[in-house]
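These notes are about the structure you will find just below.
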Amino acid sequence: MGSPAEGVSHTPTSSPTPGTLATSPDTGIGHDDDVVEGFSPHGAGGSLAHRAASVVVGVPKKEHEKVLLELSGLRETLGKTQNELGAMQARVQALELALARVDGQLNLLAQMQQSTSRLYFQAQAPPSSHGMGPDTA
109 MGSPAEGVSH
119 TPTSSPTPGT
129 LATSPDTGIG
139 HDDDVVEGFS
149 PHGAGGSLAH
159 RAASVVVGVP
169 KKEHEKVLLE
179 LSGLRETLGK
189 TQNELGAMQA
199 RVQALELALA
209 RVDGQLNLLA
219 QMQQSTSRLY
229 FQAQAPPSSH
239 GMGPDTA
């Protein structure tokens, strides 16, 4: 078996005619299986021109239905996840607004406490510290 650069085809050889699905141990697809045909944009090997062409690919019908069901479930899960993410973002924004408001209130309270403490200590200080010197009395 040669390399792909040598132009050796890697397509199954048990297919009697083009367009007829091959029985291959790799795919598990037989001639009697229900098959859903799809197109593979990558080709199946061989020359570059052959690999660039679309080829009909057979998928067992049960496997196809299973994949479609799983895809449907994934879409539903994605939709729910996106809704939950949107709700979470709204809650985070509300918390950020509340945090900013509380932060502003805390800063205001800290300033008020500093002013109150300054006034309290000025009131408790001896008369000489109120700006009255020994000459004043």
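Numbered by my numbering, the letters in the sequence shown go through residues 109 to 245 in order.
Here a beta-carbon is modelled for each residue, glycine too, at the ideal position from N, C-alpha and C.
Using DSSP's beta-bridge definition, name the partner residues of residue i.
i: VAL175; result: VAL175 is not bridged to any residue.
Taking just the CA atoms, how far does residue j sit from residue i?
i: MET196; j: VAL210; result: 21 Å
i: HIS172; j: SER180; result: 12 Å
i: PRO234; j: LEU203; result: 48 Å
i: THR185; j: LEU214; result: 42 Å
i: LEU216; j: GLN190; result: 39 Å
i: ALA208; j: LEU176; result: 48 Å
i: THR224; j: GLN232; result: 12 Å
i: GLN221; j: LEU193; result: 41 Å
i: GLN219; j: ALA198; result: 32 Å
i: PHE229; j: GLN201; result: 42 Å
i: ARG183; j: LEU205; result: 33 Å
i: GLY187; j: LYS174; result: 20 Å
i: VAL165; j: GLU178; result: 20 Å
i: GLY212; j: LEU227; result: 23 Å
Could you pull out every unbroken alpha helix (DSSP H) segment of at least 4 residues lying fully inside the stretch 177-220, listed in chain order? Runs of the alpha helix (DSSP H) inside the stretch 177-220: none found.
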